[in-house]
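First to last, the protein sequences are chains A and B. FYI, in my numbering the residues of the first sequence are 3 to 334. FYI, in my numbering the residues of the second sequence are 3 to 334.
There are 2 protein chains.
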Amino acid sequence: MIKIALDAMGGDRAPRAIIEGAARATREYKCHIVLVGKERHINKFLKRNDYVKDRISVKDASEIIKMDDPAAVSVRRKKDSSISVGIELLKDKKVDAFISAGNTGAVVCAAALKLRTLPGIERPGIGVVLPSLNKPCMIIDVGANIDAKPAHLLHYGIMGAAYFKYILGAYNPSVGLLNIGQEESKGTELIKEARVLLEKSKLNFVGNVEARDVYKGKVNVVVCEGFVGNILIKVTESFAEASSELLKREITKRLLPKIGAILSLPAYRAIKRKTDYTEYGGAPLLGVDGRVLISHGSSNAKTIKNAVRVTIEYVKHKLNKHILEGLEDLNG
Amino acid sequence: MIKIALDAMGGDRAPRAIIEGAARATREYKCHIVLVGKERHINKFLKRNDYVKDRISVKDASEIIKMDDPAAVSVRRKKDSSISVGIELLKDKKVDAFISAGNTGAVVCAAALKLRTLPGIERPGIGVVLPSLNKPCMIIDVGANIDAKPAHLLHYGIMGAAYFKYILGAYNPSVGLLNIGQEESKGTELIKEARVLLEKSKLNFVGNVEARDVYKGKVNVVVCEGFVGNILIKVTESFAEASSELLKREITKRLLPKIGAILSLPAYRAIKRKTDYTEYGGAPLLGVDGRVLISHGSSNAKTIKNAVRVTIEYVKHKLNKHILEGLEDLNG
Chain A
3 MIKIALDAMG GDRAPRAIIE GAARATREYK CHIVLVGKER HINKFLKRND YVKDRISVKD
63 ASEIIKMDDP AAVSVRRKKD SSISVGIELL KDKKVDAFIS AGNTGAVVCA AALKLRTLPG
123 IERPGIGVVL PSLNKPCMII DVGANIDAKP AHLLHYGIMG AAYFKYILGA YNPSVGLLNI
183 GQEESKGTEL IKEARVLLEK SKLNFVGNVE ARDVYKGKVN VVVCEGFVGN ILIKVTESFA
243 EASSELLKRE ITKRLLPKIG AILSLPAYRA IKRKTDYTEY GGAPLLGVDG RVLISHGSSN
303 AKTIKNAVRV TIEYVKHKLN KHILEGLEDL NG
Chain B
3 MIKIALDAMG GDRAPRAIIE GAARATREYK CHIVLVGKER HINKFLKRND YVKDRISVKD
63 ASEIIKMDDP AAVSVRRKKD SSISVGIELL KDKKVDAFIS AGNTGAVVCA AALKLRTLPG
123 IERPGIGVVL PSLNKPCMII DVGANIDAKP AHLLHYGIMG AAYFKYILGA YNPSVGLLNI
183 GQEESKGTEL IKEARVLLEK SKLNFVGNVE ARDVYKGKVN VVVCEGFVGN ILIKVTESFA
243 EASSELLKRE ITKRLLPKIG AILSLPAYRA IKRKTDYTEY GGAPLLGVDG RVLISHGSSN
303 AKTIKNAVRV TIEYVKHKLN KHILEGLEDL NG
């Protein structure tokens, strides 16, 4: 059975939501979950949930890296944190994957330090799959590395394309480079140099894409450096929240719109499902030698349950083998 | 009467939408508009519109800088373009302001070249005012300069705060620095150095803000470098379009939601007004010695009419004097 280590202490709603999500996952999916964190806490919350007994175990970790702790320092100092212990389980091949909704920087740092990056990859990247009008679109990197070099962006393209091809089943996935215009002359030096590398590669590279192309689903994979990618996904989230809040305020002002809103509810729910990050579960940290999934800091039980589902799919495929093939193609 | 030069040839729907917008503006606001561009074309479209005769004149310009022309090269080569001629009118004080929905890079370049930046300002910045849950929020820069230094970000803070204080009437406007986390330890070297400069200034600087704070209206002014700012506003736009398209698809699938949607229409319209860039008209190019407003490339007549309204407000205030005071405060 697939074995997944889950950071029980990571995320704004941990450990309660994480453990509830794990319990729900054991009822829906065939997998074994190792909850990593303070054993006493975990057992307390576990008791309140209905789960499949032989599909959950607990691995004690006495320390917690908080959401706003400095990443590198915490990983070095808190050797018995749930993040470090979870990554160690993965390194020792006691589990097939590790999921955390905790401090992203710390997860990236622990993974790069303990698992190491794949040969040829200098920096890992986080790839988030977003919904769009046509097909889903992966943005890579959304914040693993905010000091990207042109070669890192090329590697993101290779990793994202491999993920789309082998896990999401896209034929010859298209790759675009996020820029502020489509013309070759536009963009920073980083972008211009990365464009040359991507053009020379064997990827199905379509050139520059703009932010508006993301939600139009123009390409499968959008490559960008981590700072910009992080802002991109956070803006989307906050804008979605703000506009539904504004809509609610307007609707409750008058009676007819209120009735209208009630009648429209099924449509709202359908769109919410399509744009809701809790449906998407987790984002793979690509480029490290092991399967690490990063969930949203504000993950609820449903997010975690879905992260387990995504992770099971991820474990079934030998993605890293294909990423290495993609790197070999560069030199071939 | 306030005199405004308007680039009749700039924008995806030029000249038709621009001229229609100008005509509408003359019926609503007390100002004189100089339409800059190919005289014959302008007169042809002008005839089809209802406008106040003595409030519109035409200034011929024989060339057009296209939306995707390389900025610097075009400004140098096309000396008689509508953008260059419009900026010249402003430089020669024949008008009080210039509005263009054309090639943004070319407008920035022509303005910096012909009008020059204010003493002490190295690079101009475009400030866009976005709606939020509480108060509007200005993002500066959204793409005038994609090679920002820490001092440029400091200057954006000073210029944005001056705009908020003197034009939007905010008391002691708050300024935040866009980052991927609130902690001091986060961000690129550019961000860390800019943070030190902003902290030392006399601005009401609240530290790092995240993308999610933009729509929560946490601060009045969000400072960022142009590449990131450009992605931020374009993502918002495209996400808003994509989600309303998705909602439409869901709603038309079934009858009850359809009736519901019709009843909710007034609420939709209210939210659309609040998030629609056509309502906001134009974004000031701050830091140059003259008043330049940049409108969205896909501006329609309403956007242009609103840009004229925003420009009239802008002309009424001596913003550049206040920006210079803000710069003096740095050394005082």
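Note that CB positions come from ideal geometry on N, CA and C, so glycine has one too. No experiment lies behind these values; they were computed from the predicted model shown.
- The beta-carbon of B:ASN210 is placed no less than 8 Å from the nearest beta-carbon of chain A.
- Residues of chain A with a Cβ closer than 8 Å to the Cβ of B:GLU185 are, in chain order, ASP70 and PRO72.
- When secondary structure is reduced to three states using DSSP, B:GLU65 falls in the strand class.
- Interface with chain B (8 Å Cβ-Cβ cutoff): A:THR305 is excluded.
- Burial is judged here by how many other beta carbons sit within 10 angstroms of a residue's own beta carbon; A:ASP9 has at least 16 and is buried.
- Under the Cβ distance rule, A:GLU239 counts among the residues neighbouring chain B, one pair being separated by less than 8 Å.
- In the structure shown, the three-state DSSP call for B:LYS307 is helix.
- In the structure shown, A:PRO152 falls within a helical segment according to DSSP collapsed to helix, strand and coil.
- Residue burial is scored here from C-beta neighbours: A:LYS236 has at least 16 other C-beta atoms within 10 angstroms and is therefore classed as buried.
- Apart from sequence neighbours up to five positions away, the residues of its chain that approach A:ALA112 with a beta-carbon distance below 7 Å are VAL77, ILE85, SER86 and ILE89, ordered along the chain.
- Scanning chain B for C-beta atoms nearer than 9 Å to the C-beta of A:ILE182 yields GLY145, ILE148, GLY228, PHE229, ASN232, ILE233 and LYS236, reported in chain order.
- Ranking A:ALA27, A:GLY129 and A:LYS49 by CA distance to the CA of A:ASN222 puts A:GLY129 first.
- Residues are counted here when their Cβ sits less than 9 Å from a Cβ of chain A; for the region 187-218 of chain B these are SER187, LYS188, GLY189, THR190, GLU191, ILE193, GLU212, ALA213, ARG214, ASP215, VAL216, TYR217 and LYS218, given in chain order.
- Pairing A:VAL312 with B:ALA172, the inter-Cα distance amounts to about 47 Å.
- Separation of the CB atoms of B:LEU321 and B:ALA164 is rounded to 6 Å, and the pair is thereby assigned contact status at 8 Å.
- Per DSSP, A:ILE20 is one residue of the alpha helix (DSSP H) stretching across 18-30.
- By the criterion of a C-beta distance shorter than 7 Å, B:ALA153 is surrounded in its chain by GLU124 and LEU199, once the five residues flanking it on both sides are discounted.
- When DSSP states are grouped into helix, strand and coil, A:THR190 belongs to the coil group.
- Taking the Cα of A:GLY39 as reference, the smallest distance to any Cα among A:LYS318, A:ASN174 and A:LEU48 is reached at A:LEU48.
- For A:LYS151, the closest C-alpha among the options A:CYS226, A:VAL60, A:GLU315 and A:ALA74 is that of A:CYS226.
- In this structure, DSSP gives A:CYS111 a helical state, which the three-state scheme calls helix.
- The closest CA to that of A:PHE229, considering only B:LYS188, B:VAL224, B:LEU288 and B:GLU195, is found on B:LYS188.
- Closest by C-alpha distance to A:ASN232, out of B:PHE207, B:ILE182 and B:ARG15, is B:ILE182.
- One thing to note: A:ALA108 has its Cβ within 8 Å of the Cβ of A:ASP71.
- Sorting B:ARG26, B:LEU156, B:ILE44 and B:THR119 by C-alpha distance to the C-alpha of B:GLY328 places B:LEU156 at the top.
- Per DSSP, reduced to three states, the secondary structure at B:GLY104 is coil, with no helix or strand assignment.
- Here B:CYS33 really is in contact with B:VAL310; their C-beta atoms are around 7 Å apart, less than 8 Å.
- As the crow flies, the alpha-carbon of B:ILE58 is around 55 Å from that of A:ASN174.
- Rounded to whole angstroms, A:GLU30 and A:LEU92 show a C-alpha spacing of 23 Å.
- Taking the C-beta atoms as reference points, B:ILE67 is found no nearer than 8 Å to B:ILE35.
- The Cβ atoms of A:GLY23 and A:THR305 sit closer than 8 Å to each other.
- Annotated as proximal: A:ILE314 and A:ILE4, with beta-carbon spacing under 8 Å.
- Separation of the CB atoms of B:VAL224 and B:VAL211 is rounded to 6 Å, and the pair is thereby assigned contact status at 8 Å.
- If you look at B:SER297, you'll find it in the beta strand (DSSP E) that goes 294-297.
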